[in-house]
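*Asks:*
Protein chains: 2
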Amino acid sequence: MGSSQARRMPVMADVAREAGVSHQTVSRVLNEHPNVRSETRTRVLEAIDKLGYRRNLVARALVTKHSRTLGVVSFDTTLYGPASTVYGIEQAARAAGYFVSIVSLKSIDRTGVRDALDYLADQGVDGIVVVAPQRSAAQTLADLAPGVPIVAVEGGEAGDVSVVCVDQVEGGRLATEHLLSLGHETVWHVRGPSDWLEAEGRVAGWRAALAQAGRAAPEPLAGDWSPRSGYEAGRSLASMAGVSAVFVANDQMALGVLRAFSEQGVKVPDQVSVVGFDDIPESEFFSPPLTTIRQDFDAVGRNSIEVLLQQIEGEEQRACERLVVPPSFVARASTARV
Amino acid sequence: MGSSQARRMPVMADVAREAGVSHQTVSRVLNEHPNVRSETRTRVLEAIDKLGYRRNLVARALVTKHSRTLGVVSFDTTLYGPASTVYGIEQAARAAGYFVSIVSLKSIDRTGVRDALDYLADQGVDGIVVVAPQRSAAQTLADLAPGVPIVAVEGGEAGDVSVVCVDQVEGGRLATEHLLSLGHETVWHVRGPSDWLEAEGRVAGWRAALAQAGRAAPEPLAGDWSPRSGYEAGRSLASMAGVSAVFVANDQMALGVLRAFSEQGVKVPDQVSVVGFDDIPESEFFSPPLTTIRQDFDAVGRNSIEVLLQQIEGEEQRACERLVVPPSFVARASTARV
DNA sequence: GGACCCATTGTTAACGTTCACAGTCTTCCC
DNA sequence: GGGAAGACTGTGAACGTTAACAATGGGTCC
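Line by line, the protein sequences are chains A and B.
Taking UniProt numbering, the leading residue of the first sequence gets 1, the next gets one more, and so forth.
Taking UniProt numbering, the leading residue of the second sequence gets 1, the next gets one more, and so forth.
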């Protein structure tokens, strides 16, 4: 009778009975406790195998207070940058034996970040990575010390939380110096949205490089990372006199700029040189292939997990690290000597 | 003394004591049980507020057997398609009050998918969405009925699992018919990797449209979704005589094709018309702007969650649905009358 | 040969919630 | 006024694991 009924999942006690030991011994085998006779161990292992037992991680989390789950809060994971970073985070976390729970925000405002953090904290995550490159998000984070360890990616000034980021200033500098070294009088800039720290950093690097070379910095054109905004900036630039070099704050906008120039009959790189930022997979096949600054998103992801795990598993109180990943210059065909 | 010690998180019993009720009453308030006197309810709510109590979801999951967490298995979330789908899934899941745990596979092989599924099942997810457009993954899924409800996205033939997908065949047909309607004698095709069901579907649609028009189908060129592979296919096509229309299986490869044509002096759309697939945000700003087939990834994500939740929460045994999202044609400037 | 240590195992009690059931106190009806 | 049907609340036992401690047995050391 009742054989048709789905047999319920075996629990530790079932394994114990099958192997003729106590449930605690089963637990010890599972947790690789040293003091278990090897013969006992194999007997337990066989019982586990026979019954198809799988340990209930929820029950385990209840008593250990560790869920082995990490939370990730990110902004629009459709964009290449965030997507790649989250991907790197996920890979690194899984390699370390952690699950990853994701909250992807449509827009980043104070309450949005706060809710996401609460939401994840409720779930009992052991730590949180916040991929929140906007100033508002970064500030929220500073106030908001939840019970769990936090690492910010691109999170601005290291306040109360550890930060892992790419050196945006250096990237902006690299791009600008490259253009200056080709003999351009000055370099125009299509910047990202003012709320974004990354945008700020690139502007700062651009300004610094110009200042160092004793050149005046033209007014930067505002964009929002989208190809369309780049396109519009490109139309403006095409209509202006004396523009021979442009540093665009990301590759997508650079694509828009290239498109606008092409429409207006402005030849790249013959008349104007263009440098992008990110090195998305498409950049190499733009017309012309885009010279750009590469961000190692994978390294960012890996490092953020490393810092976070150190905070979670390490015993000593951490010193709120700030880990900076260097960008690199990628030469292609969109820039030329003046 | 001991005030410096971090006060431990309050639990239900603490709230109960504070409010002068039993822990069960607190539980009832939290779970919105109807039979609680409203005065009692406010007293409990005040106690919760005062103590800053937050319900322990792990303990709750242990007894209810529901974690309110959904698992997502995906292949390379760096690609636009998977990234957008996962984004849609995450949004829909959160709206429904579920957490999302992600496993992003580097490569999809049988063991990879199996491990991911086990991994998620161990964690106690209530259901799993598998974004696995490869044939091998889809087949693995069929064998592998774990204890939890599963929905496959782009999962091929609806076998034992429900499937949500975009009508790839229809997409291929739309692209091809558009080109034929412009007066092109035949349409060449740069296809995706043969292991991918999406690639197969697009090939099938392309073939069907050609057959219906009574045209011979040239041998398709093989690509791997990357711009580079499109570039190589483009070089081949540029060197061939009689190529006037090309349907490329995704926008990234189409970019490579456009690049190759541009290098070889082949004018698009004057000499050759090109149609892509996906409608990534960049496509509108390619040179020339790319005519393409749009996939509504957001709808796919939403639908997959809907189907999954129906399986989880609905009482009646589901009939292994197959939900097809139609693609749409987006006209731009990369195609022209012959 | 007795004390003691260590390896191995078992027993009992948490962890913080919900479920099942048993109360108590109204209210309402005949 | 007796009873029954609700509304509301409390008590005890799960859920499946790990932690703490106790117990057993064999060996070693002097």
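All C-beta atoms in this analysis are idealised placements derived from N, C-alpha and C, irrespective of residue type, glycine included.
Are the CB atoms of A238 (chain B) and F261 (chain B) nearer to each other than 8 Å?
*Replies:* Here residue 238 (chain B) is taken as the residue at index 238 of the second sequence, counted from 1. Here residue 261 (chain B) is taken as the residue at index 261 of the second sequence, counted from 1. Yes, the Cβ-Cβ distance between A238 (chain B) and F261 (chain B) is below 8 Å.
*Asks:* 8 Å is my cut-off, CB to CB: does E18 (chain B) come that close to chain A?
*Replies:* As a working note, residue 18 (chain B) is residue 18 in the second sequence. Taking Cβ atoms only, chain A never reaches closer than 8 Å to E18 (chain B), which makes this a no.
*Asks:* What's the C-alpha gap between D109 (chain A) and D115 (chain A)?
*Replies:* Here residue 109 (chain A) corresponds to residue number 109 of the first sequence, with the count starting at 1. Here residue 115 (chain A) corresponds to residue number 115 of the first sequence, with the count starting at 1. Near 10 Å, if we compare the C-alpha coordinates of D115 (chain A) and D109 (chain A).
*Asks:* Give the DSSP-derived three-state secondary structure of H23 (chain A) in the structure shown.
*Replies:* For the purposes of this step, residue 23 (chain A) is taken as residue 23 along the first sequence, with counting starting at 1. Helix, per DSSP.
*Asks:* Out of curiosity, what's the CA-to-CA distance linking E306 (chain B) and D160 (chain B)?
*Replies:* The residue labelled residue 306 (chain B) in the question sits at position 306 within the second sequence. The residue labelled residue 160 (chain B) in the question sits at position 160 within the second sequence. One C-alpha to the other measures close to 18 Å.
*Asks:* Can you find the residues in the same chain that come closer than 7 Å, C-beta to C-beta, to P218 (chain A), ignoring five residues on each side of it along the sequence?
*Replies:* By one-based count along the first sequence, residue 218 (chain A) stands at place 218. A distance below 7 Å between beta-carbons, with the five flanking residues on each side excluded, links P218 (chain A) to the following residues of its chain, in chain order: T186 and W188.
*Asks:* L323 (chain A) lies in the alpha helix (DSSP H); which residues open and close that run?
*Replies:* Residue numbering aside, residue 323 (chain A) sits at position 323 when the first sequence is read from its first letter. From DSSP, L323 (chain A) is part of no alpha helix (DSSP H) but of the beta strand (DSSP E) over R322 to V325.
*Asks:* What does a CB cutoff of less than 6 Å around A152 (chain B) pick up in its chain, not counting 5 residues either side in sequence?
*Replies:* The count along the second sequence starts at 1 and reaches residue 152 (chain B) at position 152. Answer for A152 (chain B): V130, L141, V161 and V163, listed in chain order.
*Asks:* Classify S3 (chain B) as helix, strand or coil using the three-state DSSP reduction.
*Replies:* Walking along the second sequence from the start, residue 3 (chain B) turns up at place 3. Bear in mind that a pLDDT of 35 at S3 (chain B), under 50, signals an unreliable position, so the number given afterwards is only what the model happens to contain. S3 (chain B): coil per DSSP, three-state reduction.
*Asks:* Report all residues from its chain with a CB closer than 8 Å to the CB of Q123 (chain A); omit the five preceding and five following residues, and keep chain order.
*Replies:* Against the first sequence, residue 123 (chain A) aligns to sequence position 123. Result list for Q123 (chain A): S67, T69, G71 and S101, in chain order.
*Asks:* Check distances from the C-beta atoms of the stretch 66 to 88 of chain A to those of chain B and list, in chain order, the residues that come in under 8 Å.
*Replies:* S67, T69, D76, T77, T78, Y80, A83, S84, V86 and Y87
*Asks:* Using a Cβ cut-off of 8 Å (strictly closer), state whether V325 (chain B) contacts chain A.
*Replies:* As a working note, residue 325 (chain B) is residue 325 in the second sequence. Closer than 8 Å: no.
*Asks:* Quick one: what's H66 (chain A) bridged to in DSSP?
*Replies:* What you label residue 66 (chain A) is simply residue 66 of the first sequence in a count that begins at 1. BP columns for H66 (chain A) are empty, so no partner.
*Asks:* A204 (chain A) to V166 (chain B), Cα distance in whole Å?
*Replies:* Position 204 of the first sequence, counted from the first residue, corresponds to residue 204 (chain A). Position 166 of the second sequence, counted from the first residue, corresponds to residue 166 (chain B). The alpha-carbon atoms of A204 (chain A) and V166 (chain B) are separated by roughly 44 Å.
*Asks:* Compare the C-beta of S239 (chain B) against all C-beta atoms of chain A and say whether one is closer than 8 Å.
*Replies:* Stepping through the second sequence from its first residue, residue 239 (chain B) is reached at position 239. Not one chain A Cβ lies under 8 Å of S239 (chain B).
*Asks:* Just curious, the beta strand (DSSP E) that V130 (chain A) is in, first and last residue?
*Replies:* Looking up residue 130 (chain A) in the first sequence gives position 130. From DSSP, the beta strand (DSSP E) with V130 (chain A) extends over G127 to V131.
*Asks:* With 8 Å as the C-beta to C-beta threshold (strictly closer), list the residues of the stretch 225 to 254 of chain A near chain B in chain order.
*Replies:* S226, P227, R228, G230, Y231 and Q252
*Asks:* Between the C-alpha atoms of R337 (chain A) and G183 (chain A), what's the straight-line distance to the nearest angstrom?
*Replies:* Position 337 of the first sequence holds residue 337 (chain A). Position 183 of the first sequence holds residue 183 (chain A). Near 6 Å, if we compare the C-alpha coordinates of G183 (chain A) and R337 (chain A).
*Asks:* Taking the DSSP output, what are the residues bridged to W188 (chain B)?
*Replies:* Position 188 of the second sequence, counted from the first residue, corresponds to residue 188 (chain B). Partner(s): B:V246.
*Asks:* Hey, T25 (chain A) and T42 (chain A) are a contact pair by Cβ (cut 8 Å); roughly how many whole angstroms apart?
*Replies:* If you number the first sequence from 1, residue 25 (chain A) lands on position 25. If you number the first sequence from 1, residue 42 (chain A) lands on position 42. Wrong, their Cβ atoms sit about 12 Å apart, outside the cutoff.
*Asks:* Tell me, which residues are paired with R294 (chain B) by DSSP?
*Replies:* Translated into positions along the second sequence, residue 294 (chain B) becomes position 294. Paired residues: B:D278 and B:S328.
*Asks:* Judging by CA-CA distance, which residue of A:N250, A:K65, A:V58 and A:F99 is the nearest neighbour of T64 (chain B)?
*Replies:* If you number the second sequence from 1, residue 64 (chain B) lands on position 64. For the residues A:N250, A:K65, A:V58 and A:F99, the minimum Cα distance to T64 (chain B) belongs to A:V58.
*Asks:* In angstroms, rounded to a whole number, what distance separates the CA positions of Q134 (chain B) and G192 (chain B)?
*Replies:* Stepping through the second sequence from its first residue, residue 134 (chain B) is reached at position 134. Stepping through the second sequence from its first residue, residue 192 (chain B) is reached at position 192. Going from the Cα of Q134 (chain B) to the Cα of G192 (chain B) covers about 11 Å.
*Asks:* On the criterion of 16 or more Cβ atoms from any shown chain inside 10 Å, does N250 (chain A) qualify as buried, or is it exposed?
*Replies:* Counting from 1 along the first sequence, the entry for residue 250 (chain A) is found at position 250. Result: buried.
*Asks:* Quick one: grab the DSSP three-state call for T222 (chain A).
*Replies:* Reading the first sequence from its first residue, position 222 is the one you call residue 222 (chain A). The sequence shown places Ala at residue 222 (chain A), not Thr. Three-state result, A222 (chain A): strand.
*Asks:* Using a Cβ cut-off of 7 Å, pull out every chain A residue sitting near V58 (chain B), in sequence order please.
*Replies:* Residue mapping note: residue 58 (chain B) aligns to position 58 of the second sequence, counting from 1. Within 7 Å Cβ-Cβ: V58, A61, L62, S67 and G124.
*Asks:* Under 8 Å, do S74 (chain B) and T78 (chain A) count as touching if we go by C-beta distance?
*Replies:* Residue numbering aside, residue 74 (chain B) sits at position 74 when the second sequence is read from its first letter. Residue numbering aside, residue 78 (chain A) sits at position 78 when the first sequence is read from its first letter. Not in contact: S74 (chain B) and T78 (chain A) (Cβ atoms no closer than 8 Å).
*Asks:* Considering just the uninterrupted stretch of the beta strand (DSSP E) at A152 (chain A), what are its terminal residues?
*Replies:* On the first sequence, position 152 is the one that residue 152 (chain A) refers to. Counting along the chain, the beta strand (DSSP E) containing A152 (chain A) begins and ends at I150 to V153.
*Asks:* Taking only beta carbons into account, state which residues of the stretch 278 to 306 of chain B come closer than 7 Å to chain A, listed in chain order.
*Replies:* P281, E282, E284, F285 and S287
*Asks:* In angstroms with no decimal places, state the Cα-to-Cα distance between D279 (chain B) and L117 (chain A).
*Replies:* Numbered from its first residue, the second sequence carries residue 279 (chain B) at position 279. Numbered from its first residue, the first sequence carries residue 117 (chain A) at position 117. Each residue's CA atom was taken as its position, placing D279 (chain B) and L117 (chain A) some 33 Å apart.
*Asks:* Check for me: the beta strand (DSSP E) holding L105 (chain A) runs from which residue to which?
*Replies:* The residue you call residue 105 (chain A) lines up with position 105 of the first sequence. Taken as a continuous stretch (DSSP letters only), the beta strand (DSSP E) holding L105 (chain A) covers F99 to L105.
*Asks:* Counting only beta-carbon separations shorter than 8 Å, does R334 (chain B) have a partner in chain A?
*Replies:* The residue given as residue 334 (chain B) occupies position 334 in the second sequence. What sits at residue 334 (chain B) in the sequence shown is Ser, not Arg. With 8 Å as the cut-off, S334 (chain B) does not count as an interface residue toward chain A.
*Asks:* Compute every distance between the C-beta of P269 (chain B) and the non-hydrogen atoms of the ligand ATP, then say whether any falls below 7 Å.
*Replies:* For the ligand ATP, the structure offers nothing, since it holds no ligand at all.
*Asks:* Any chance the stretch 205 to 216 of chain B sits against the stretch 253 to 269 of chain B, with 3 or more Cβ pairs inside 8 Å?
*Replies:* Of all C-beta pairs linking the stretch 205 to 216 of chain B to the stretch 253 to 269 of chain B, fewer than three are shorter than 8 Å, placing the two stretches out of contact.
*Asks:* Scan the stretch 94 to 109 of chain B for residues whose Cβ lies nearer than 9 Å to a Cβ of chain A and list them as they occur along the chain.
*Replies:* R94, F99, V100, S101, I102, V103, S104 and K106
*Asks:* Chain A beta carbons: is any one of them nearer than 8 Å to that of G256 (chain B)?
*Replies:* Locating residue 256 (chain B) in the second sequence gives position 256, where the first residue counts as 1. Interface residue, yes.
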